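These notes are about the structure you will find just below.
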Amino acid sequence: MKDCNCIFCKIADGEIPSATIYEDEDFRVILDLGPATRGHALLIPKDHYPDLFELEDEAAAKILVRAKRIAARMKKALGADGFNLVQNNGEAAGQTVFHFHMHLIPRYREDHAGILWEPQKTTAEELEEVKTLIQGYQEDNG
Ligand code: AMP
Ligand code: ZN
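Here is the structure:
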């Protein structure tokens, strides 16, 4: 499952040094080198999955449990006021490293981190159309 040219595989394996705040047999959690806020960390599975759509169900379940536990610890240790879990898939969504990872982002009142979006306008017709498209699409077990 390892991709030898992947920077996060190398970081997860310890081949490239990182500011590691947690490690077990499945994950490494490191501090982001370009943090959105103080303490911004990345939860990186040791197995290589390019993105959410390639992730095995078992790994997906473990990731949320681990993210929850580390986030709780970070929030207390850093005195954060809130917390964002962010996970990008595909260039259009801002993904730049194509090894699945979850951003763990402590939030502080008035930190002005640009993580939230500007709400757009919609209509009842558009909501109905989108709902029908998604509900009517039955390719897998989602
Ligand atoms: P994404 O845009 O969701 O793919 O996130 C990639 C993240 O990895 C960015 O927030 C980068 O700042 C971070 N990053 C890239 N290379 C490293 C590295 N060597 N050590 C720590 N963080 C990194
Ligand atoms: Zn990788």
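Just add 350 to the spot in the sequence shown (first one is 1) and you have my numbering.
C-beta atoms are modelled at their ideal positions from N, C-alpha and C, and glycine is treated no differently.
Computed from a predicted model, the values in this text were never measured in an experiment.
Limits of the unbroken beta strand (DSSP E) element including residue i
i: Val379; result: 377-381
Bridge-paired residues (DSSP) for residue i
i: Leu393; result: Val379, Met452
i: Asn434; result: Ile455
i: Glu373; result: Arg378
The ligand AMP heavy atom lying under 6 Å from the CB of residue i
i: Gly384; result: yes
i: Val379; result: no
Buried or exposed by the 16-neighbour rule on C-beta atoms within 10 Å, applied to residue i
i: Ala474; result: exposed
i: Lys396; result: buried
i: Gly364; result: exposed
i: Arg457; result: buried
i: Ala443; result: exposed
Any non-hydrogen atom of the ligand ZN closer than 6 Å to residue i Cβ
i: Cys356; result: yes
i: His449; result: yes
Opening and closing residue of the alpha helix (DSSP H) in which residue i lies
i: Arg423; result: 407-428
C-beta atoms of residue i and residue j nearer than 7 Å
i: Phe450; j: Asp407; result: no
i: Leu383; j: Leu454; result: no
i: Arg416; j: Phe358; result: no
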